[in-house]
Amino acid sequence: MIIGTRGSDLALAQAKTVEERLDSRGFPTTRKIIKTSGDNFTDRPLHEVEGVGAFVRELDDRMFSGEIDIAVHSMKDLPTERPAELSIAAVIERDSPHDILLTNDGSTLDELPEKAIVGTTSMRRRAQFLRYRPDLDVQDLRGNINTRLKKLESGMYDGIILAEAGLQRMGWDIECHRLDADSFCPSANQGTIAVVTLAGGEAELLCSQIDHAESRIATEVERLVIRDVEGGCIVPVGSFAEFVDNGNTIHIRAEILSLDGKRDIRLDEMIPVDNYREHAKELGQKLVARGGKELVKEAISQLSQKNN
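Residue numbers (this note's numbering): 3 to 310.
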C-alpha cells in the first residue's frame, strides 16, 4: 500500500508511526511525499491563506485518482465534514493533546515580562493567551516546527506556543511548560494522527487493525460538540475530551472565544460513555444556545475584513 504524506519532518514522523504499526502486522507499505499548495504559503498567518483546506484536499484528490492508498494527517487538520467516499480507517493512540510554551530563558507564562513577544499561528491560542495575559504582544509565527524553534532561538520571540505532541513525535527532549487544559482548551483532535482511506476497500480493512478505540471515541466527541457552531479550523474554538472514572465517563471541555480573548462561551461537562454520540450532540446544542454560533460568525467576519 502507498502512504501519502506531506514532506515536513513532523509529517514524515507521523507517516513513520503508521508505517511501523502496519508493518508489525505484516502489511508492507511504501511512502509517497505530496507537496500541497498550502506548503508554499509560509510567510503569512494561516487565516490569510485562501483555501487552507488544501493541506487535506490535495491528498484526498491523490487518493481518488488511485495515486495513494492511505493518507496520514494530523487529525486536527481534518474538516468536520468529509467526503462520504473517504473513511477515517484508524485513529492512532493519542499523544499529548496539550499546548506548551517554550522560552529561551525558561520563563513560565506567569513569569514572562509585560509586553513580551509570544508567537503562534493559531487564532485559538492567540485568543486564549490574550485572555490570560492581555499585556502580552502575541504575534504571528509561521513555518515548520524546526523553523519556529530557530525563530525563538534567534530572539525574534520571547516565547512560542506549540503542540506538545509535535515534540513527542520528533523525539525531542526540550524544556517546556505545559499549559493547563482548563485555561487553554486544546483544539479538537490535537495530538492525534488520522489514517484516511477510501471507504469499503482493502486499505480501510487493513488499517482498521491499528485503530485505538478510546482515542477514536474521544476525538469523535470533540468533533460532535463543536460541529453545530460551524467554526472551522481558523477561528478560536477549543474542544477536548478525556476518559475518567476508570473509562466509564468522558470529561468534556469546549469553548469559543472572541478574537481578542475578552469574551468566551464555555462548557465543562461529564457524560457517560454509553450513548456518547447523543450526549455530545446535546452539548453542541448548548454551545449554540449560549451564542456560540454568533461568536464564530463574528470572528469569521473580522478575519475576512482583515484579509481584505
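From the three backbone atoms N, C-alpha and C, an ideal C-beta is built for every residue, glycine too.
Using a C-beta cut-off of 8 Å, the stretch 219-236 makes contact with the stretch 295-309, since at least three inter-stretch Cβ pairs fall below that distance. Partner residues in the beta bridge of His75, as assigned by DSSP, are Ala196.
Residue state for Phe131 is assigned as helix, using DSSP reduced to three classes. Comparing alpha-carbon positions, the option among Thr123, Leu181, His253 and His100 lying closest to Arg144 turns out to be Thr123. In the three-state scheme derived from DSSP, where H, G and I count as helix and E and B as strand, Phe57 is classed as helix. The Cβ atoms of Thr194 and Lys78 sit closer than 9 Å to each other. Inter-residue distance for Asp11 and Leu164 is about 15 Å (C-alpha atoms, whole angstroms). Inclusion of Val227 and Ala190 in the CB contact set at 9 Å is warranted, their separation being smaller than that value.
Measuring C-alpha to C-alpha distances from Ile90 to each of Phe242, Gly293 and Arg218 identifies Arg218 as the nearest.
About 7 Å separates the Cβ atoms of Gln130 and Leu259, confirming a contact at the 8 Å cut-off. Its Cα nearest to that of Glu155, the residue Val120 stands out among Val120, Met172, Met125 and Gln170. Ala256 and Phe186 have their C-alpha atoms spaced approximately 10 Å apart. Runs of alpha helix (DSSP H) with 4 or more residues, each lying fully within the stretch 94-162, are found at 125-134 and 147-155, listed in chain order. For the set Glu21, Gly161 and Gly240, the Cα lying nearest the Cα of Val298 is the one of Gly240.
For Asp11, the enclosing alpha helix (DSSP H) begins and ends at Asp11 to Ser26.
Just measuring C-alpha positions, the residue of Val58, Gly9, Leu111 and Asp71 sitting nearest Pro85 is Val58.
Residue pairing by DSSP places Val239 opposite Ile258 in a beta bridge. As far as DSSP is concerned, Arg84 takes part in no beta bridge. In the same chain as Leu111, and ignoring 5 residues on each side of it, the C-beta atoms closer than 6 Å to its own belong to Leu103, in chain order.
With contact defined as three or more Cβ pairs closer than 8 Å, the stretch 264-284 and the stretch 247-255 are in contact. A straight-line Cα-Cα distance of about 32 Å links Gly168 and Val290.
Around the C-beta of Thr149, fewer than 16 other C-beta atoms lie within 10 Å, and the residue is accordingly described as exposed. When the beta-carbon positions are compared, Pro99 and Pro188 come within less than 9 Å of each other.
Rounded to whole angstroms, the Cβ separation of Gln211 and Arg27 is 6 Å, and the two are in contact under 8 Å. Proximity to Gln192 across Pro30, Glu95, Glu69 and Thr7 peaks at Glu95, based on C-alpha coordinates.
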